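One structure is given below, encoded as structure tokens.
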Amino acid sequence: MRRLTGLLRSILHRDVHSKSSLILFICIALVVPVPVTPAQTFSVLHTFGVTDGSGPSAGITLEPHLNRLWGVTWYGGLLTCDLGGAVGCGVIFELTKKDSRWSFSVPYIFPGNDNGFLPTFPSQIVIGPNGFPYGAELEGGTSLEGTVYSLDPSKNISVSNAPWRHTILHTFGDGSDGSYPHKIIFDQAGNIFGATGLGGSVGYGTIYELSPSNQGWTENILYNFAGAADGQIPREVVSDGAGNLYGVTEQGGNAGCSPFQGCGTIFELTPSGSSWTKTTLHAFQQDTEGGFPGPLMRDSKGNLFGLTSQNGPNNFGTIWELSPSSGGWIFTVLYSFTQQIVGLFGPFAPVMDASGALYGLNNLGGVNFCNMLGETCGNIYKLAPSNNGWIYSDVHDFALDNNGCLPSGPASIDSAGNLYGVAYGCGANGVGVVFQFTPQDSNKKILPGIPR
């Protein structure tokens, strides 16, 4: 049975069946969370209970005009998808707000691969031009190397208790088109763009395009990563709205970064006629800048922001900015973390409010311990610009309680400044929650990232 390689596991940062996955079960004691700013509010919008999903992952997608949230879980749902035990293979869920109440539903339950035995690990939901959800499955398809799919409200007859239809648009794994896809994006013409962490002509990952036609969807490989200085293991891309794509590779770049082939790169892909030109904008330096970056975000001024998961001045990763300047780019470390921030998941791209402050989630971090390994339960942070640089604040600490622990994916932010996210574990049933966090200064409009 074909499974993820050790190299792919570095994309996830932990084997989902490793000892770190025991965080929910090897508990020291119930720790009362320490409030940081009393004026802030934290609310649980939904508590999972296995049959409606468990282990929510990949963050939340917001449809602000419909007051609707979309998300996925990696486990729960159809318990006959058992992985050797009744754990389920995940669901797609939605939360819709009417007046002040949130209504939860499950439009689709993943049946799993290999005759309903293996979860497929879906990525973050994206809303397509038709208003319906789209996504990627990291290990979907017959070869277990990933799929891109759509979801629509047509009647589904293949999975019980899952009323929406799930349609595979593309299956990866033919040896040259990439393997293990990340979150996708759309352009204005309705084409899909994405990255695969491995595969392609060299084996170090690809950037691809899927174009719709009357016959279905046609794949075009835009770039094959060559490893080493060129980078390897690309993460999801963002667009500037003019057709250019930006992203990071988790490894490659500076060969002096150990123990892998470089600490990662930031790159740009630019269309040029019928081909694409790839430019490395920056290669991370191990001791001063951090290494192994997560997905980035782009603000309305063209600045790129992101996190690294380790290395840097304190050896726990950094928050960084890459800004265009006079035809070039300037790299700046905005903050160096002082504790471990990556466990099963991460690091995640931040979001930005109208003041230019960054907010984000860390899978680990904060003050509350989650297990006997000394790993903490995760936190929400704010990084605010000031005349003297940037000011970092820990604005919420997760704990072993009903509010969830171990946030697992990027936050989304609405026009009032509220943050939405998911926590992989804890909650009243021990299998995760969807939450809303309202910062103290949340009466601002946000600056649009591309994509948000």
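Quick note on the working numbering: the sequence shown kicks off at 2 and runs consecutively.
Yeah, the Cβ is synthetic: ideal placement off N, Cα and C, and Gly gets one too.
Note that this is a predicted model, so its numbers are computed, not measured.
query, result
"Beta-bridge pairing of Pro65 - partner residues as DSSP gives them", "Its beta-bridge partners do not exist; DSSP assigns none."
"Status (buried if at least 16 other CB within 10 Å, exposed otherwise) for Gln311", "buried"
"Proximity to Gly410 [Cα-Cα], best of Trp321, Gly361, Arg102, Ser327", "Gly361"
"Cross-strand partners of Leu384 (DSSP beta bridge)", "Leu359, Tyr393"
"Buried or exposed by the 16-neighbour rule on C-beta atoms within 10 Å, applied to Met298", "buried"
"8 Å contact criterion, which Thr121 and Leu139 should meet: CB distance rounded", "7 Å"
"Own chain partners of Gly50 with C-beta closer than 6 Å, once the 5 adjacent residues on each side are dropped", "Asn430"
"For Gln252, three-class secondary structure by DSSP", "strand"
"Status (buried if at least 16 other CB within 10 Å, exposed otherwise) for Asp354", "buried"
"Whole-angstrom distance between Pro134 and Tyr76, CA atom to CA atom", "19 Å"
"The ligand SAM heavy atom lying under 8 Å from the CB of Pro235", "Annotation note on the ligand SAM: not contained in the displayed structure, which lists no ligands."
"Residue(s) in a DSSP beta bridge with Lys184", "None; Lys184 has no bridge partner."
"Straight-line Cα distance separating Ile342 from Gly367", "9 Å"
"For Gln286, the three-state DSSP class (helix, strand or coil)", "coil"
"Uninterrupted beta strand (DSSP E) stretches inside the stretch 296–338 (no shorter than 3 residues)", "305–311, 319–326, 329–337"
"Where the beta strand (DSSP E) containing Leu211 begins and where it ends", "207–214"
"Met353 - partner residues in DSSP beta bridges", "Leu359"
"Outcome for Arg236 when other beta-carbon atoms lying within 10 angstroms are tallied against a minimum of 16", "buried"
"Range of the contiguous beta strand (DSSP E) that encloses Pro134", "134–138"
"Three-way DSSP call (helix, strand, coil) for Asp53 in this model", "coil"
"DSSP state of Asp415 mapped onto helix, strand, coil", "coil"
"Whole-angstrom distance between Asp175 and Lys383, CA atom to CA atom", "43 Å"
"Best match in Val334, His171, Ser327 for proximity to Ile320 [C-alpha to C-alpha]", "Val334"
"Cα-Cα separation between Phe118 and Gly147, rounded to whole angstroms", "16 Å"
"Collapsed DSSP secondary structure at Ala424 in the structure displayed", "strand"
"Opening and closing residue of the beta strand (DSSP E) in which Asn372 lies", "It is not in any beta strand (DSSP E) - Asn372 carries neither H nor E in the DSSP assignment."
"7 Å Cβ shell around Asn364 - same chain, five flanking residues per side excluded", "Ile342, Val343, Gly344, Leu345, Phe346, Gly347, Gly379, Leu407, Pro408, Ser409"
"Candidates Leu67, Glu95, His66: closest to Val73 by CA position", "Glu95"
"Range covered by the beta strand (DSSP E) that runs through Phe194", "193–199"
"Secondary structure of Gln441, DSSP reduced to three states", "coil"
"Nearest-angstrom Cα separation, counted from Gly54 out to Leu80", "10 Å"
"Alpha-carbon spacing of Tyr393 relative to Ala424, whole angstroms", "22 Å"
"Residue from Ser214, Lys302, Ile208, Asn304 with nearest C-alpha to Ser276", "Ile208"
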